[in-house]
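As structure tokens, the structure follows; a few thoughts come after it.
2 protein chains.
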Amino acid sequence: MRVAVVGVGLIGGSIGLAARQRLEARVTGYDHDPGVLAQAAEKGAIDAAGADVAEAVTGAELAFVAVPVGALPATVEQVLAAAPADCAVTDVGSTKRPVRAAALDERFIGGHPLAGAETSGVMNARADLFEGATWYLTPGERASGVLYERLHRVLAALGARPAAIDSETHDRVMASVSHLPHVIANVLVGQAAGTLSEGGERMPATGPSFRDATRVAGANGAVWTDIYLSNRDALAAEIEETIRRLGAVRQALASADAGAIERWNDTAGEHRQALLEVGLAGGPVRELRVFVPNRPGVIAEIALALGRAGVNVVDMALSPADDFSRGVVALWVRGDSDAARAQELIAALDFPVLPA
Amino acid sequence: MRVAVVGVGLIGGSIGLAARQRLEARVTGYDHDPGVLAQAAEKGAIDAAGADVAEAVTGAELAFVAVPVGALPATVEQVLAAAPADCAVTDVGSTKRPVRAAALDERFIGGHPLAGAETSGVMNARADLFEGATWYLTPGERASGVLYERLHRVLAALGARPAAIDSETHDRVMASVSHLPHVIANVLVGQAAGTLSEGGERMPATGPSFRDATRVAGANGAVWTDIYLSNRDALAAEIEETIRRLGAVRQALASADAGAIERWNDTAGEHRQALLEVGLAGGPVRELRVFVPNRPGVIAEIALALGRAGVNVVDMALSPADDFSRGVVALWVRGDSDAARAQELIAALDFPVLPA
Numbered sequence: 017m018r019v020a021v022v023g024v025g026l027i028g029g030s031i032g033l034a035a036r037q038r039l040e041a042r043v044t045g046y047d048h049d050p051g052v053l054a055q056a057a058e059k060g061a062i063d064a065a066g067a068d069v070a071e072a073v074t075g076a077e078l079a080f081v082a083v084p085v086g087a088l089p090a091t092v093e094q095v096l097a098a099a100p101a102d103c104a105v106t107d108v109g110s111t112k113r114p115v116r117a118a119a120l121d122e123r124f125i126g127g128h129p130l131a132g133a134e135t136s137g138v139m140n141a142r143a144d145l146f147e148g149a150t151w152y153l154t155p156g157e158r159a160s161g162v163l164y165e166r167l168h169r170v171l172a173a174l175g176a177r178p179a180a181i182d183s184e185t186h187d188r189v190m191a192s193v194s195h196l197p198h199v200i201a202n203v204l205v206g207q208a209a210g211t212l213s214e215g216g217e218r219m220p221a222t223g224p225s226f227r228d229a230t231r232v233a234g235a236n237g238a239v240w241t242d243i244y245l246s247n248r249d250a251l252a253a254e255i256e257e258t259i260r261r262l263g264a265v266r267q268a269l270a271s272a273d274a275g276a277i278e279r280w281n282d283t284a285g286e287h288r289q290a291l292l293e294v295g296l297a298g299g300p301v302r303e304l305r306v307f308v309p310n311r312p313g314v315i316a317e318i319a320l321a322l323g324r325a326g327v328n329v330v331d332m333a334l335s336p337a338d339d340f341s342r343g344v345v346a347l348w349v350r351g352d353s354d355a356a357r358a359q360e361l362i363a364a365l366d367f368p369v370l371p372a
Numbered sequence: 017m018r019v020a021v022v023g024v025g026l027i028g029g030s031i032g033l034a035a036r037q038r039l040e041a042r043v044t045g046y047d048h049d050p051g052v053l054a055q056a057a058e059k060g061a062i063d064a065a066g067a068d069v070a071e072a073v074t075g076a077e078l079a080f081v082a083v084p085v086g087a088l089p090a091t092v093e094q095v096l097a098a099a100p101a102d103c104a105v106t107d108v109g110s111t112k113r114p115v116r117a118a119a120l121d122e123r124f125i126g127g128h129p130l131a132g133a134e135t136s137g138v139m140n141a142r143a144d145l146f147e148g149a150t151w152y153l154t155p156g157e158r159a160s161g162v163l164y165e166r167l168h169r170v171l172a173a174l175g176a177r178p179a180a181i182d183s184e185t186h187d188r189v190m191a192s193v194s195h196l197p198h199v200i201a202n203v204l205v206g207q208a209a210g211t212l213s214e215g216g217e218r219m220p221a222t223g224p225s226f227r228d229a230t231r232v233a234g235a236n237g238a239v240w241t242d243i244y245l246s247n248r249d250a251l252a253a254e255i256e257e258t259i260r261r262l263g264a265v266r267q268a269l270a271s272a273d274a275g276a277i278e279r280w281n282d283t284a285g286e287h288r289q290a291l292l293e294v295g296l297a298g299g300p301v302r303e304l305r306v307f308v309p310n311r312p313g314v315i316a317e318i319a320l321a322l323g324r325a326g327v328n329v330v331d332m333a334l335s336p337a338d339d340f341s342r343g344v345v346a347l348w349v350r351g352d353s354d355a356a357r358a359q360e361l362i363a364a365l366d367f368p369v370l371p372a
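Okay, structure coming up:
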């Protein structure tokens with residue numbers, strides 16, 4: 017497997033390390049910063065450095081674009097222009113609508129691994145960075161099934177759990193579960209500093225709840241400014257909703273309604289429990305075989321339907337018929353309940369499906 | 017040392033265990049739930065169980081009231097009515113204004129250890145629960161110096177870092193660094209659940225930022241309803257301020273002002289750094305000797321001045337003159353810079369002070 021990585025920071029470098037160590041892939045890298053590129057080579061994250069984007073992606077079967085969100089659309093376009101006709105191209109950006117246009121090309125499938133927020137730089141790259149991490153994929157309507165399968169299998173081999181989702185939902189969900197918590201962490205530390213300076217006190221020791229709630233405050237400014245701006249409509253809507261909900265809490269406090277406050281608090285506990293239990297489906301892995309016509313978008317359609325229902329596809333394998341007119345996709349899903357749900361969802365898409 | 021603990025749950029039980037193991041204290045306990053009282057005895061958190069509050073505090077030199085915030089004012093009153101004339105009485109409530117009235121009695125000094133939010137119940141009690149934890153003390157104007165010193169030394173022996181603060185500031189600071197983060201965690205999980213159910217999706221895997229930010233969501237409902245209500249004015253003011261700050265972020269997003277967003281984010285990083293560095297004053301312990309008149313409130317006045325400036329008093333010892341008309345307080349403070357600051361602050365209160 018020949019892999020190209022454009023942008024070899026923490027994420028790109030970790031992809032390179034993992035692909036080399038776990039897939040024995042040959043990895044070619046490029047970075048606009050020659051110093052970073054040299055560090056990546058020294059660290060063993062790449063086998064060879066390309067002189068430019070085009071050289072890096074020459075002959076690649078899979079190309080990762082791992083540059084900051086602000087530079088993504090232009091870099092993805094460059095990579096698609098230079099990459100071979102049968103090369104899968106993906107990115108790792110935290111917001112997915114900015115690269116939606118690239119999905120007009122059937123080689124492109126957007127991606128976003130939920131990993132690596134705490135540190136940055138290729139020197140912190142690790143081959144196990146993606147172990148157990150959800151890796152969102154946002155295939156467009158024209159996405160090639162063969163290339164989707166290739167990308168899915170490589171990500172699973174890197175230790176990740178690929179999950180398909182459409183770009184709009186991805187950005188809305190990330191606004192709620194990632195960008196909003198970052199905004200709030202920033203607000204909380206600023207507010208605590210303000211509360212304390214009013215009274216002329218030094219900041220007091222804070223308890224564990226404050227430290228946890230503000231762990232991500234002031235995260236890498238260049239990276240996060242891009243993320244906030246690229247998702248600003250969805251994020252603004254989430255902020256608006258937080259303001260509304262805080263107003264309701266203030267109202268309950270003003271009326272000193274103990275029953276309402278306790279119910280609100282208990283409901284939060286239930287929501288948290290439900291969040292913690294996500295992705296814990298257990299049981300043996302079940303195989304499903306799906307018969308599909310050979311046209312772009314079919315695999316993406318199936319993956320999105322399963323992703324929407326929270327069914328985790330542990331692995332997949334596509335076997336085309338000799339004349340390429342149709343094929344069989346094998347899907348592996350954990351547990352009888354997820355397997356039954358998957359079978360139902362795929363049947364609803366009108367593809368014949370059988371347990372293996 | 018004879019110690020009484022009224023309310024032997026997680027905090028009261030841990031005080032009992034630590035006092036017995038570290039001070040060889042004889043601990044008498046009381047709990048309105050006989051089953052809990054029996055568990056405390058079985059666990060070794062108390063030497064003897066009192067039949068009622070009065071029996072538990074008979075002969076005590078130090079009494080801790082560790083009942084829920086809602087029951088504190090009445091229980092503190094009961095304890096003060098029954099406790100000996102030379103017994104220090106304190107509580108462990110998360111808000112301090114509800115027990116302010118008790119400080120008319122010079123034996124009472126309010127307290128609040130920042131420890132133990134994650135679990136509850138005497139079965140989770142641990143002798144090391146307070147190791148390294150800040151333990152706020154809110155002495156009133158009439159607080160006895162002898163009893164303040166006794167309480168301070170016992171808390172330091174339990175492994176805690178006592179810090180004096182006035183009740184109003186305490187409740188305002190806690191609203192900002194503890195109660196508000198709890199409210200926001202509850203809001204975030206409810207909002208994420210809402211965002212996801214709109215689209216009919218199952219909850220997706222969430223990243224570490226969301227898990228950290230919502231760790232305390234739905235914390236023990238009975239305990240927290242009391243806390244929210246007992247501090248509702250200060251908490252409402254903090255919520256109001258959060259709403260204002262979130263509105264400003266939304267505004268910056270609407271105008272897509274990258275420079276403003278990056279500066280805001282970087283400032284948050286600096287605030288977080290400053291918060292993390294609190295309480296890390298290093299260096300050798302320095303002793304100061306302060307000459308004080310023997311009247312109630314003097315030690316509290318000094319402790320509050322140092323607490324306000326963030327100077328941590330590692331230990332203290334009070335030596336009255338033979339005729340009790342005046343005394344010398346030895347204070348131990350870590351590092352030359354804190355020692356110099358302490359000397360300055362005490363001199364400003366017009367008490368003679370010397371480095372030992």
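So the protein lines, in turn, are chains A and B. For the first sequence, position 55 (counting from the first letter as 1) is numbered 71 according to the working numbering, and the numbering increases by one without interruption. For the second sequence, position 109 (counting from the first letter as 1) is numbered 125 according to the working numbering, and the numbering increases by one without interruption. The beta carbon of each residue, even a glycine, is placed where N, CA and C say it ideally should be.
Your pair residue 301(A) and residue 240(A) does not check out as a contact, with CB atoms roughly 37 Å apart and the cut at 8 Å.
DSSP, reduced to helix, strand and coil, places residue 174(B) outside both helices and strands of the structure shown, so it counts as coil. Within chain A, the residues whose beta carbon sits less than 7 Å from that of residue 280(B) are 202, listed in sequence order.
For residue 155(A), the enclosing beta strand (DSSP E) has its first and last residue at 150 to 155.
In the three-state DSSP reduction, residue 342(A) falls in the strand class (E or B). The Cβ of residue 44(A) sits no closer than 8 Å to any Cβ of chain B.
If you keep only unbroken beta strand (DSSP E) runs of at least 3 residues inside the region 173 to 205 of chain B, you get 177 to 180. The beta-carbon of residue 277(A) is placed less than 8 Å from the nearest beta-carbon of chain B.
Close partners of residue 248(B) in chain A (Cβ separation under 7 Å): 269 and 272. Rounded to whole angstroms, the separation of the alpha carbons of residue 163(B) and residue 368(B) is 22 Å. For residue 106(A), same chain residues with a beta-carbon under 8 Å away, outside a window of 5 residues either side, are 78, 79, 80, 81, 124, 125, 126, 127, 153 and 167 in chain order.
With the rule of 3 Cβ pairs closer than 8 Å, the region 23 to 41 of chain B does not count as touching the region 353 to 368 of chain A. Residue environment analysis places residue 258(B) among the buried positions, since at least 16 neighbouring C-beta atoms fall within 10 angstroms of its C-beta. Proximity of chain A to residue 197(B) at the Cβ level (cut-off 7 Å) is accounted for by 204, 225, 226 and 229, in chain order. One Cα belongs to residue 287(A), the other to residue 306(B), and the distance between them is close to 54 Å.
Within the region 255 to 269 of chain B, the residues whose Cβ lies closer than 8 Å to some Cβ of chain A are 255, 256, 257, 258, 259, 261, 262, 263, 265, 266 and 269, listed in chain order. Less than 8 Å separates the beta-carbon of residue 93(B) from that of residue 118(B). Between the alpha carbons of residue 64(B) and residue 173(B) lies a distance of about 22 Å. Counting only runs of at least 4 residues, the region 290 to 324 of chain B fully encloses the following alpha helix (DSSP H) elements, listed from N- to C-terminal order: 314 to 324. One alpha carbon belongs to residue 208(B), the other to residue 290(A), and they sit about 11 Å apart. Residue 367(B) carries a coil assignment under DSSP once its states are collapsed to helix, strand and coil.
For residue 244(B), the nearest beta carbon of chain A is closer than 8 Å to its own beta carbon. Contact of residue 105(A) with chain B is not assigned, every C-beta pair being separated by 8 Å or more. Looking at the DSSP output, residue 107(A) shares a beta bridge with 81(A). Taking one beta carbon from each stretch, the region 221 to 237 of chain A and the region 142 to 149 of chain A have fewer than 3 pairs nearer than 8 Å; the two do not touch.
Taking residue 135(A) as the centre and dropping the five residues before and after it, the same chain places the C-beta of 26 closer than 8 Å to its C-beta, in chain order.
Between residue 23(A) and the set 196(A), 68(A) and 205(A), the nearest pair of CA atoms involves 68(A). Membership of residue 73(A) in the alpha helix (DSSP H) is indicated by the continuous run 69 to 73.
Residues of the region 153 to 185 of chain A with a Cβ closer than 8 Å to any Cβ of chain B, in chain order: 177, 179, 181 and 185. Between residue 232(A) and residue 199(B), the CB-CB gap reaches or exceeds 8 Å. At a cut-off of 8 Å between beta-carbon atoms, residue 241(A) makes contact with chain B. Under the three-state reduction of DSSP output, residue 336(B) falls in the strand class. Look at residue 286(B): its C-beta is under 8 Å from a C-beta on chain A.
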